[in-house]
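Numbering (our numbering), first residue to last: 58 to 466.
Quick notes on the structure that follows.
Next comes the structure, spelled out in structure tokens:
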């Protein structure tokens, strides 16, 4: 297959996350083409170099009609396998009801845990497949999914098994993350250390034995798990073969970013309240900071200091944080606009953050995230002449065509 008549091909380059000024550097090729063979990009460049004999070419040619082509989007932080709804809580929040009061009314994560525990694997699969369909429409070709709405052995395993089945059955690639330490369930009230031991001794071995997850995440926060408990969980997971990730410094500057650097985490995520020391720690290591501006938007909170992180040489990615409580959206278009409007990202930085750097947050930067020879052929034709329209047309889905592993989806 050849994608021809590309008005503008825009892509970051490389096989690792971009930092500092390099986040703003895209390779822009006008009048371009991309040649695909065996699910991979064979060549990407000026059209006259890719198909000098266009009229006599026997390849299947997709005409981009002068429109822009960018890499497939990568969403490196979601919780997309869950049952139930918390729309009532959203209304309560708008009325000024505190989180503590919402919890007293039976809301919060426990609400989703109850619904998810009651849902069959068939039900979770159906819900998950529909959500992946929506993501694909928005140009998301790879997504991370976290467990964490079971908080028991049976449901955590069920969530991960559903994600594994969806990764097999659906065009979108799913990277699975075990996040049993997402919150403290009612049956372990005031016993967070015992709960961490339960996750390590009872659940983690089955996750590892069944090869159900690539990563392990933990919510390191004052109302969740301490730095010491988080370290214990992540070190045990790494010994079991799962790469560490961490929900860090979302509500308070607890030191989650510093812990991420200490344990060599693939990513530190949220970071709304990251400290100067946390930024310095991430900058010194290869930890990708995954920022979630739509969560701040939904919760009406201050945004993470993304501009400061980029300027201080932290590799930064963007993700939706799609979940039923704090951020019920899959909107990559709104995500890109929010990053540019409220976090001072340039359009080029935002594109890098949802492609190559997002791929690096999933240990996939060598395979996806840019349009270069040898990489998996995941790309989008936009209904726009330039990638700059992504934040400019605020919240508008500009994805006209999705190509995944060289197939026209």
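Glycine included, every Cβ here is placed at the ideal spot set by N, Cα and C.
Model, not experiment: these values are computed from the prediction.
Out of 176, 213, 453 and 295, state which residue places its alpha-carbon closest to the alpha-carbon of residue 202.
As a working note, residue 202 is residue 145 in the chain shown. Taking the Cα of residue 202 as reference, the smallest distance to any Cα among 176, 213, 453 and 295 is reached at 213.
Tell me, please, which residues DSSP counts as bridged to residue 448.
Indexing the chain shown from 1 puts residue 448 at position 391. BP columns for residue 448 are empty, so no partner.
If you draw a straight line from the C-alpha of residue 294 to the C-alpha of residue 90, how long is it?
Your numbering for residue 294 matches position 237 in the chain shown. Your numbering for residue 90 matches position 33 in the chain shown. Going by the C-alpha atoms only, they are around 43 Å apart.
Taking just the CA atoms, how far does residue 447 sit from residue 419?
By one-based count along the chain shown, residue 419 stands at place 362. By one-based count along the chain shown, residue 447 stands at place 390. Per the coordinates, the alpha-carbon of residue 419 lies some 23 Å from the alpha-carbon of residue 447.
If we count the other Cβ atoms within 10 Å of its Cβ and call it buried at 16 or more, is residue 78 buried or exposed?
In the chain shown, the residue the question calls residue 78 occupies position 21. Exposed is the call here.
Along the chain, which unbroken stretches of the alpha helix (DSSP H) at least 4 residues long are found entirely within the segment 295-374?
With a minimum length of 4 residues, the unbroken runs of alpha helix (DSSP H) contained wholly in the segment 295-374 fall at 313-320, 333-341, 350-356 and 363-368.
According to DSSP, is residue 148 helix, strand or coil?
Mapped onto the chain shown, residue 148 falls at position 91. Helix.
Return helix, strand or coil for residue 277, following the three-state DSSP convention.
Residue 277 sits at position 220 when you count from the first residue of the chain shown. Residue state, collapsed to three classes: strand.
Since residue 233 sits in a beta bridge, which residues does DSSP pair it with?
For the purposes of this step, residue 233 is taken as the residue at position 176 of the chain shown. Looking at the DSSP assignment, residue 233 forms a beta bridge with 202.
If you follow the beta strand (DSSP E) that residue 120 is in, where does it begin and where does it stop?
Here residue 120 refers to the residue found at position 63 when the chain shown is read from its first residue. Segment 118-120, the beta strand (DSSP E) holding residue 120.
Thinking residue 227 and residue 184 are a contact (beta carbons under 8 Å), I'd like their distance in whole angstroms, please.
If you number the chain shown from 1, residue 227 lands on position 170. If you number the chain shown from 1, residue 184 lands on position 127. So it is not a contact: roughly 13 Å between Cβ atoms.
Suppose the cutoff is 6 Å on Cβ atoms and the five residues either side in sequence are ignored; what does the same chain contact list for residue 356 look like?
As a working mapping, residue 356 is identified with position 299 in the chain shown. Taken in chain order, the residues that qualify are 383.
One or two residues paired with residue 439 in a DSSP bridge
In the chain shown, counting from the first residue as 1, residue 439 sits at position 382. 456.
Residue 389: first and last residue of the uninterrupted alpha helix (DSSP H) it sits in:
Position 332 of the chain shown, counted from the first residue, corresponds to residue 389. That run of the alpha helix (DSSP H) goes 389-399.
Separation of residue 359 from residue 350, as counted between CA atoms:
Locating residue 350 in the chain shown gives position 293, where the first residue counts as 1. Locating residue 359 in the chain shown gives position 302, where the first residue counts as 1. In this model, residue 350 and residue 359 are separated by some 9 Å (Cα to Cα).
Classify residue 315 as buried or exposed, calling it buried when 16 or more other Cβ atoms lie within 10 Å of its own Cβ.
Here residue 315 refers to the residue found at position 258 of the chain shown. Residue 315 is buried by the Cβ-count criterion.
For residue 238, the three-state DSSP class (helix, strand or coil):
Position 181 of the chain shown, counting from 1, holds the residue named residue 238. Note: residue 238 maps to strand in three-state DSSP.
Rounded to the nearest angstrom, how far is the Cβ of residue 410 from that of residue 455, given a contact under 8 Å?
Here the question's residue 410 lines up with position 353 in the chain shown. Here the question's residue 455 lines up with position 398 in the chain shown. That pair is no contact at about 17 Å.
Bridge partner(s) assigned by DSSP for residue 103:
Translated into the one-based positions of the chain shown, residue 103 becomes position 46. 89.
Does the Cβ of residue 205 have 16 or more other Cβ atoms within 10 Å, making it buried, or fewer, making it exposed?
Indexing the chain shown from 1 puts residue 205 at position 148. With 16 or more other Cβ atoms from the protein chains shown falling within 10 Å of its own Cβ, residue 205 counts as buried.
From residue 330 to residue 311, what does the alpha carbon distance come to, in whole angstroms?
By 1-based counting over the chain shown, the position of residue 330 is 273. By 1-based counting over the chain shown, the position of residue 311 is 254. Spanning the two alpha carbons is a distance of roughly 9 Å.
Reduced DSSP category for residue 414 - H, G, I as helix; E, B as strand; rest coil:
The residue you call residue 414 lines up with position 357 of the chain shown. Under the three-state reduction of DSSP, residue 414 is assigned to helix.
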